[in-house]
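Have a look at the structure below, then the notes.
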Amino acid sequence: MLEKNRVSLNSVLAGAVLLIALLAISLSGCGGSTRDDDRLASKSTFRGMFTDGFEKAAFRPCGSDESYWVAGNTQPIYALILPNGVPVSPAPVTEVYVEVEGTLSPRGEFGHLGMYERELTVDQVLSARTVSPDACR
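So the sequence shown is residues 0 to 136, counted in numbering that gives the first Met the number 0.
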């Protein structure tokens, strides 16, 4: 009886080890970056429209329909759009043209309720100005 239980226990352990190994192998491809994501992970200069409002801080590159959640060093932008640097409540939606240096994240869920597929982390604001009709030209 003891020998039968030992064989049964060894079989269960061997099966568990095999299952864990197969799971580890199958998940090894998940979460890896693509060449596109590797390229995006480097610091770049971005030009486009920064929009601020209630639960919103978004950047839309010139010539694109995609918007990114914005994080990082945004204080110079807010100094331009907030009266006396003081937040207004309720916050009006404000849009300004910006040129920033920063890093774009791989795809994921960012911002309020995860509504943005990417996040732009701003390292430096190169310029920020009120919107004009030819801002992105």
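Yeah, the Cβ is synthetic: ideal placement off N, Cα and C, and Gly gets one too. Computed from a predicted structure; not experimentally measured.
- For leucine 103, the beta-bridge partners assigned by DSSP are Leu119.
- DSSP links lysine 42 through a beta bridge to no other residue.
- Judged by beta-carbon spacing, leucine 125 lies beyond the 8 Å limit of glutamate 94, meaning their Cβ atoms are not closer than that value.
- Residue pairing by DSSP places aspartate 51 opposite Ala56 and Thr93 in a beta bridge.
- Under the DSSP definition of a beta bridge, arginine 128 partners with Tyr96.
- In this structure, DSSP gives alanine 134 a state outside helix and strand, which the three-state scheme calls coil.
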